[in-house]
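Residue numbers (this note's numbering): 249 to 405. Encoded as structure tokens, the structure appears first; notes follow it.
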């Protein structure tokens, strides 16, 4: 009786990991673009956009939680948010590089980070049922499954 084939460390033997790596790199690019946009825009255009949006939704931006939110949009909070997004982008790029090079630590990083989103994805389906919420959950489940399968195959060999 023969067991599963030995784990192949050749990066070309793992197109699924490459697809996930490209997806993670894309998320990194989006986070980097968001961080850059926040840093370049500053607080005033963001405050103006939130103010206009609340009026269009027939809310009152001068009182309640929206007023507190508008007050919190400052140069410091915008720069802090941009810095957090820069860190997130760096994490996504590091994970993408590791997955592209078929590194075990990258599979661990990916499975943990994708699994952390699963409760939020399930909650989103209850709050906003529809095909988009289901698709996001499905993508994260596929990513968790593929990376966990990669780790299990490594462990067997």
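Glycine residues also receive a C-beta, built at the ideal position from the N, C-alpha and C atoms.
Query raised in the report: Should residue 340 go down as buried or exposed, given a rule of 16 or more other Cβ atoms within 10 Å for buried?
Result: By the 10 Å Cβ count, residue 340 comes out buried.
Query raised in the report: Between residue 296 and residue 313, what straight-line distance do the alpha-carbon atoms span, to the nearest angstrom?
Result: 16 Å
Query raised in the report: Can you tell which of 393, 271, 301, 385 has its C-alpha closest to the C-alpha of residue 359?
Result: 393
Requested in this report: Give every residue of the same chain whose Cβ lies closer than 8 Å to the Cβ of residue 323, excluding the five residues on either side of it in the sequence, and list them in chain order.
Outcome: Only 290, 291 meet the Cβ criterion.
Requested in this report: Report the residue from 389, 396, 330 whose alpha carbon sits nearest the alpha carbon of residue 352.
Outcome: 396
Query raised in the report: Is it right to say residue 332 is buried, meaning 16 or more other beta carbons lie within 10 angstroms of its own, or is it exposed?
Result: exposed
**Report entry** Distance CB(residue 347)-CB(residue 269) smaller than 8 Å
**Finding:** Taking 8 Å as the cut-off, the beta carbon of residue 347 is found closer than this to the beta carbon of residue 269.
Report task. Express the C-alpha separation of residue 380 and residue 267 in angstroms, rounding to a whole number. Result -> 20 Å
Query raised in the report: With distances taken between CB atoms, is the gap from residue 344 to residue 276 smaller than 8 Å?
Result: yes
Query raised in the report: Rounded to the nearest angstrom, how far is the Cβ of residue 327 from that of residue 287, given a contact under 8 Å?
Result: 7 Å
Query raised in the report: residue 272: buried (16+ other C-beta within 10 angstroms of its C-beta) or exposed?
Result: buried
**Report entry** Unbroken alpha helix (DSSP H) run spanning residue 266, endpoints
**Finding:** Counting along the chain, residue 266 sits inside the alpha helix (DSSP H) bounded by residues 263-289.
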